[in-house]
Amino acid sequence: MRPMQISFTPAEIIKLVEPGRTCGATGDQISGIGALTVAGRGEISFLGNPKYRAEVANCRASIILLPLDYEGDPAPGQLHLMVEHPSAALARICARIEQQLWPKPAPGIHPSAVVESGAKVDATATIGPLCVIEQGASVGPGSHLQAQVFIGRNARIGANCWLMPGVTVTAECVLADRVRLHAGVVVGSDGFGYEFVAGRHEKVPQVGMVEIGSDVEIGANSTLDRARFSRTVIGEGTKIDNLVQVAHNVTIGRHCILCAQVGISGSTTLEDYVVLGGQAGVAGHLTLGKGAKSGGAAAITSSVPAGTFVNGVPARSYMLERRLQVLFQRLPDLFKRVAELETQIKLSSA
Amino acid sequence: MRPMQISFTPAEIIKLVEPGRTCGATGDQISGIGALTVAGRGEISFLGNPKYRAEVANCRASIILLPLDYEGDPAPGQLHLMVEHPSAALARICARIEQQLWPKPAPGIHPSAVVESGAKVDATATIGPLCVIEQGASVGPGSHLQAQVFIGRNARIGANCWLMPGVTVTAECVLADRVRLHAGVVVGSDGFGYEFVAGRHEKVPQVGMVEIGSDVEIGANSTLDRARFSRTVIGEGTKIDNLVQVAHNVTIGRHCILCAQVGISGSTTLEDYVVLGGQAGVAGHLTLGKGAKSGGAAAITSSVPAGTFVNGVPARSYMLERRLQVLFQRLPDLFKRVAELETQIKLSSA
Amino acid sequence: MRPMQISFTPAEIIKLVEPGRTCGATGDQISGIGALTVAGRGEISFLGNPKYRAEVANCRASIILLPLDYEGDPAPGQLHLMVEHPSAALARICARIEQQLWPKPAPGIHPSAVVESGAKVDATATIGPLCVIEQGASVGPGSHLQAQVFIGRNARIGANCWLMPGVTVTAECVLADRVRLHAGVVVGSDGFGYEFVAGRHEKVPQVGMVEIGSDVEIGANSTLDRARFSRTVIGEGTKIDNLVQVAHNVTIGRHCILCAQVGISGSTTLEDYVVLGGQAGVAGHLTLGKGAKSGGAAAITSSVPAGTFVNGVPARSYMLERRLQVLFQRLPDLFKRVAELETQIKLSSA
């Protein structure tokens, strides 16, 4: 199989990264990016961290981005580009590739989209094929609904959002600006609330909404439930990975990180800068203080003070959990020692 | 950002809840619902549980729903409505809001929907934009396929079901009445069955189906696999949260509760009224007896007798797990005590 | 509710399985398949494993597939078909049912599909209703996009693939041949990568892709992230269940098995024939050697040597974890024994 259709001439790379100095030369077309140890001919690599400096000499990439003070010689047919920040230079190349991968679409509404009367779509927004926008909904300037997206009644999408294929935003939910929802995200499914009456679970109406702050990104197939009443809130700048569940009436602060398959139960609050490892679960009605952190697969069953790192099932202080796990592994030895003590006691009392 | 577009005059609220008695008055338009401690002006609150009675005096809501025997005075500009059941009165208001959020759509088939010849859609059903209904499938009276829903060959949707955007029901699957499937639910994906032959996993055909009873609700992006042959069954009244996995040939009884991200492995049976906490997992070929319960994140690796509450990884009786976790935390102390005993024994035998 | 619309006459079954010998007779139409203990009249059963031979005598199925050397008598109105491999004979019947469930669709592009100019669809491929194929993408011979599928720019779908409703394959991703993606699968969502700069998480562009080998099958609503640069790779013949998360830059070998709700963190490598139980999680930057195996819900936090079976949270060698769990259950007894030793020591030293 062929690699990604990236294609830059050395001259184009030079134009993009504006090196302070160059050394060597290559005629190779650049069609890939790789770490120093794996990049090969036709690829570009970079020294992002000084501790890998020794790897540069053996790197077989056609072009290497290096710090200004780098002094080694390029291999034959290899071009060294000395720049102030190799990582930043690489980011500029990646940003250019991003534009090729996902070019800014032309504004307008695809003829196959279904936009109900009374929906407002800004003239600079792009509504891709087979999207549905229900009445009263609005889509702000520069926003892009890629394809097969659903926007429910009175929902509001801010400016410069990107909603990928198959995203659902249900009635009354609100997205601020520059929100990025990956394919299959569901915003505003009903909260999971029932009352047990006469042997049956009677539904508690879920008539609140979900409010998502600016610069939030949410991974593929994640689900966020609407509040019972009032709001489920995702704070500005928070990043959520794939297949994450956020229950009703949860409040997530600003700049939090929720790794894949995390689950947050109803009415729990995460303050700003909380970080949860993959598959971690948080019980309902808890508060995780500012900057609290959990390891992957942690089961958080009580509130966590600000700045505290927890781990384990159930979750405890990270250091305690670590110590307990070490002792747990020594249980066979402990049982043996106790048995021996018992023998000795018996002997001594005999 | 603005709150939900709820808007009731005090007179409309009074008409809805039919109070036995009123006290005070307000001219405020009601545009939100909140608990006693958080509701503010322009919102309605309620005393659902007598133990919060003391909070009423400080509540700043414009209208408060109270039991008939409530005697305190409203704040200035505040209206007290005394009703038999404040929670039930609130539910009536929520139901009205639900109607506003999700008004009963007009029956009919949206022109953008693709309904194959030989599919039967009841005249009172609503097929929303960009749905696909394959041949031989049927949709019963009053059912609503909101948008971008897929119904496979010969699948049968009963009466008054609501299938939200992006739901997939594959060939031959059957839904009874009043089933509610949230966005992205997949009913009838293939069971995960292979035979290992000559170094490769050969697919075992999955030709059974999924049968879903009346009044079942299933959360966003949950997946239910079709049986190898025969049926995967979800019993009447069972409620399933988001991102739940139900494998092939699973039988779930009536009125069960499966919280978010639960996974049930193949051929396992849940009897009626089973409750599984979030992220719990159940191994294959087990039986969870009537009313069995698990904590969140429990890993259930053997069958559970009726009425038993289990927890832990692997799951054990809830009380045993709780005791073991207490002792686990005391391991550092236990190791110290054993070391001390060893010292004393050595000294005494010296 | 009615069973699946399977319907075979005894003569049709005989034609399909070509028995070496028959015994008895039935006039029943066959409309279902069941195990020996549950199959009833109008159904077919089979003796797949000799150890269940005793169950044949009590089986009430109308037709039973049996090995050539079977000697018992059929019940009245029951037909025994003696074949070389009863399981293989059953598979032939299931394959026929599969064809009825999912008949090979006619090639062509449904008029409601949106195929951008510059996309290449093989003349023998089937593009179902409401699919979107962006420019530069290609779909190979015999492949079937069932409905509401999205294929991004320059993505390539090989030959004889089957993409079910609501599947998303984003830009530049590549599928080889005979890949089967169940409903709601997302291939090529962005990897979860940010740099923390000045109190905010700045996005690291994810410009790699996902490459899926031949004969891979992926379950409903699973998500696979594109690489930061280069590739996320799923090797030939690997089978992935529902709701599984595969992060960016993961490399999965050939013929692996990932059960439902598994999560693999970024840059981890699974060599060939790895098997992960349901809900298992794997941390980032690890290697699971060839044939490594984990139990369900295992939390794998360090690399696993080839051929090793691990279990637990955190995961350890399966046998060690098993022994530790036995000792864990004996903690109450151990605490008692230590307390007793302390009493005896105190007495003896008194």
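Chains as they are written, first to last, in the numbering used here: chain P, 1 to 350; chain Z, 1001 to 1350; chain G, 2001 to 2350. C-beta: ideal position from N, C-alpha, C; glycine also. Please read all numbers here as calculations on a predicted model, not as lab measurements.
Excluding sequence positions up to five away, which residues of its chain have a Cβ less than 6 Å from the Cβ of residue i?
i, result
"residue 174(P)", "156, 211"
"residue 2008(G)", "2030"
"residue 1245(Z)", "1223, 1263"
"residue 2214(G)", "2176, 2177, 2178, 2236"
"residue 229(P)", "207, 208"
"residue 46(P)", "65, 86, 90"
"residue 1189(Z)", "1223, 1225"
"residue 2239(G)", "2217, 2257"
Find the residues of chain Z that neighbour residue i, judging by a C-beta separation of less than 7 Å, and give them in chain order.
i, result
"residue 114(P)", "1112, 1129, 1130"
"residue 247(P)", "1260"
Since residue i meets chain G, which of its residues come closer than 7 Å, beta carbon to beta carbon?
i, result
"residue 1338(Z)", "2338"
"residue 332(P)", "2323, 2327"
Which one of the options has the shortest CA to CA distance from residue i?
i, options, result
"residue 58(P)", "181(P), 76(P), 188(P), 107(P)", "76(P)"
"residue 1048(Z)", "1081(Z), 1085(Z), 1078(Z)", "1085(Z)"
"residue 232(P)", "251(P), 327(P), 316(P), 93(P)", "251(P)"
"residue 2073(G)", "2166(G), 2022(G), 2313(G)", "2022(G)"
"residue 2016(G)", "2083(G), 2311(G), 2321(G)", "2083(G)"
"residue 364(P)", "2317(G), 2297(G), 2341(G), 2126(G)", "The shown model of chain P, from 1 to 350, leaves out residue 364(P), and the question about it has no answer."
"residue 2160(G)", "2216(G), 2199(G), 2227(G)", "2216(G)"
"residue 37(P)", "144(P), 20(P), 43(P), 55(P)", "55(P)"
"residue 2186(G)", "2162(G), 2337(G), 2170(G)", "2170(G)"
"residue 2271(G)", "2019(G), 2299(G), 2308(G), 2242(G)", "2308(G)"
"residue 257(P)", "219(P), 225(P), 319(P), 340(P)", "219(P)"
"residue 1132(Z)", "2024(G), 2279(G), 2166(G), 2121(G)", "2166(G)"
"residue 200(P)", "1191(Z), 1261(Z), 1274(Z), 1201(Z)", "1274(Z)"
Please list, in chain order, the chain P residues whose beta carbon lies closer than 7 Å to that of residue i.
i, result
"residue 2146(G)", "By Cβ distance, chain P contributes nothing, its closest Cβ being about 14 Å from residue 2146(G), past 7 Å."
"residue 1050(Z)", "Neighbours of residue 1050(Z) on chain P: none; closest Cβ ~17 Å, over 7 Å."
"residue 1351(Z)", "This structure gives no information on residue 1351(Z), because the portion of chain Z shown stretches from 1001 to 1350."
In chain order, what residues of the same chain have a beta carbon less than 8 Å from the beta carbon of residue i, not counting five sequence neighbours either side?
i, result
"residue 2284(G)", "2247, 2265, 2266, 2267, 2268"
"residue 1330(Z)", "none"
"residue 1026(Z)", "1010, 1062, 1063, 1077, 1078, 1079"
"residue 193(P)", "203, 204, 206, 228, 248, 266"
"residue 2172(G)", "2152, 2153, 2154, 2155, 2188, 2209, 2226"
"residue 1020(Z)", "1068, 1082, 1083, 1084"
"residue 42(P)", "28, 29, 30, 31, 32, 62"
Along chain P, which residues have their Cβ under 8 Å away from the Cβ of residue i?
i, result
"residue 2189(G)", "164, 182, 183, 219, 220, 242"
"residue 1345(Z)", "341, 344, 345, 348"
Report all residues from its chain with a CB closer than 7 Å to the CB of residue i; omit the five preceding and five following residues, and keep chain order.
i, result
"residue 97(P)", "6"
"residue 1130(Z)", "1112, 1113, 1147, 1148"
"residue 1124(Z)", "1107, 1141, 1142"
List the residues of chain P that residue i touches, going by C-beta distances under 9 Å, in chain order.
i, result
"residue 1104(Z)", "Correct list: empty, because the minimum Cβ distance to chain P is about 13 Å."
"residue 1385(Z)", "This structure gives no information on residue 1385(Z), because the portion of chain Z shown stretches from 1001 to 1350."
"residue 1097(Z)", "205, 207, 229"
"residue 2122(G)", "Here the premise fails: no neighbours, minimum Cβ distance about 17 Å."
Which residues in chain Z have a C-beta closer than 8 Å to the C-beta of residue i? List them in chain order.
i, result
"residue 2296(G)", "1265, 1281, 1283, 1299, 1301"
Does the beta carbon of residue i fall short of 7 Å from some heavy atom of the ligand NAD?
i, result
"residue 105(P)", "This structure lacks the ligand NAD; in fact it carries no ligand of any kind."
Below 8 Å on C-beta distance, what does residue i contact in chain G?
i, result
"residue 91(P)", "2204, 2205"
Could you list which residues in chain Z have their beta carbon closer than 9 Å to that of residue i, in chain order?
i, result
"residue 238(P)", "Ordered by position in chain Z, no residue passes the 9 Å Cβ test against residue 238(P), which lies about 16 Å from the chain."
Listing by chain order, which chain G residues have their CB less than 9 Å from the CB of residue i?
i, result
"residue 1046(Z)", "Residues of chain G passing the Cβ test: none, with the nearest at roughly 38 Å."
ask   = When you check each C-beta in the region 1193 to 1214 of chain Z against every C-beta of chain G, which residues fall closer than 8 Å?
value = 1194, 1199, 1200, 1201, 1203, 1204, 1205, 1207, 1208, 1209, 1211
Runs of alpha helix (DSSP H) lying entirely within the region 1153 to 1212 of chain Z, each at least 4 residues, in chain order:
none
Quiz item: Considering only residues of the region 1001 to 1061 of chain Z, which uninterrupted alpha helix (DSSP H) runs meet the minimum length of 4 residues and lie entirely inside it, listed in chain order?
Solution: 1010 to 1017
Complete runs of the alpha helix (DSSP H) confined to the region 2059 to 2101 of chain G [at least 4 residues]
2086 to 2101
Contact set between the region 256 to 288 of chain P and chain Z, restricted to residues whose Cβ is under 8 Å from the partner
261, 263, 265, 279, 281, 283
task = Just list the alpha helix (DSSP H) runs in the region 2292 to 2342 of chain G, keeping only unbroken ones of 4 residues or longer that don't cross its boundaries, in chain order.
result = 2318 to 2329
Exercise. Note down, in chain order, all residues in the region 300 to 315 of chain P with a beta-carbon under 8 Å from any beta-carbon belonging to chain Z.
Key: 301, 313, 314
### Task
Taking only beta carbons into account, state which residues of the region 1157 to 1186 of chain Z come closer than 8 Å to chain G, listed in chain order.
1166, 1168, 1170, 1171, 1172, 1174, 1176, 1184, 1186
Output needed in chain order: residues of the region 1017 to 1035 of chain Z with a Cβ under 8 Å from some Cβ in chain P. 1032, 1033, 1034
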